[in-house]
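Just so you know, the sequence shown maps onto residues -18 to -1, 1 to 190 in mature numbering (1 follows the signal peptide of the UniProt record, and there is no 0). Beta carbons: idealized from backbone N, C-alpha and C, even for Gly.
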Amino acid sequence: MKKLLLLMILMQAGPVLNAGNPDRPFPRMTFGVEGNFLLNFGAWRHFNYIADEGYRVNIKDFRSSANANGQLLANVGCNISRRVNIALYAGIAGLYEDKAAIPVSVRVTVLYGQNPLKCRWFSFADAGAGIGSFYEKDVSPFAKLGGGYRISLSRSVKLDFMIAYQLLASHPGVTEEIDGVPTPVTGTRLRRNDMLTNALSFGIGLNF
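#1: Please state whether DSSP places ARG174 in a helix, a strand or coil.
#2: So, at 7 Å on beta carbons, what are the nonlocal neighbours of ASN54 in its own chain, with the 5 sequence-adjacent residues on each side left out?
#3: What did DSSP end up calling GLY169 once you bin it into helix, strand or coil?
#4: Out of LEU182, TYR131, ARG132 and ASP176, state which residue places its alpha-carbon closest to the alpha-carbon of TYR147.
#5: Sort out for me which residues DSSP pairs LEU93 with in a bridge.
#6: Which residues bound the beta strand (DSSP E) around PRO123?
#7: On the DSSP bridge list, what partners appear for GLY59?
#8: Residues in its own chain within less than 8 Å of VAL39 by CB, not counting five upstream and five downstream?
#9: Counting pairs of beta carbons, one from the region 125 to 136 and one from the region 100 to 110, are three or more of them closer than 8 Å?
#10: ARG174 to ILE41, Cα distance in whole Å?
#11: What is the rounded straight-line gap between the Cα of LEU99 and the Cα of PHE184?
#12: Would you list the residues sitting across from TYR31 in a DSSP beta bridge?
Below is the structure:
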């Protein structure tokens, strides 16, 4: 009876003794949420269209004006090693003024240091596309490269602080003034409406 009681005590104490052991199996599946503040600081534009009066308009320029947007993302991923995670991200994001999208992307994160119980620096690369909405067919490819610092709150709960550079390719609407009124250019008159937008992203995430 005493041996059985001792065995039960040891079995209960095992998880506690191993809680701080970085060598025991680590969680494979990961989940998380992330919020980002985006500062768009410049965009290359190429617009080509037939004006209402019949002549061709070709605009190539760089706009340096800044504006702010935000992102709210959720993710599900897999730890393929103690240092590498691959995750699928999706959510809602602002692209530029008065334009939002549903971003879907794949992110690869590399952490520096083998111990998942310690705070660690990390870097990541992210690539995907934003869908205009459930009703629009616009697709805006984007790529993101950045890094950050991960605070280990527990073995399975991590708090991330991130900074990244993002490049977004999109196709915004084009307008022209007709009798002093801004009017959208539509149909076959619109030949090209390409824009590449630079942005800095500052984010915070909670991963499990």
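The answer reads as follows:
#1: strand
#2: First, the residue type needs correcting, since residue 54 is Leu and not Asn in the sequence shown. Answer for LEU54: GLY17, GLY73 and ILE74, listed in chain order.
#3: helix
#4: LEU182
#5: PHE104
#6: 121 to 134
#7: THR12 and ALA69
#8: PHE29, ASN30, TYR31, ILE32, ALA33 and GLU158
#9: yes
#10: 10 Å
#11: 24 Å
#12: VAL39 and LEU172
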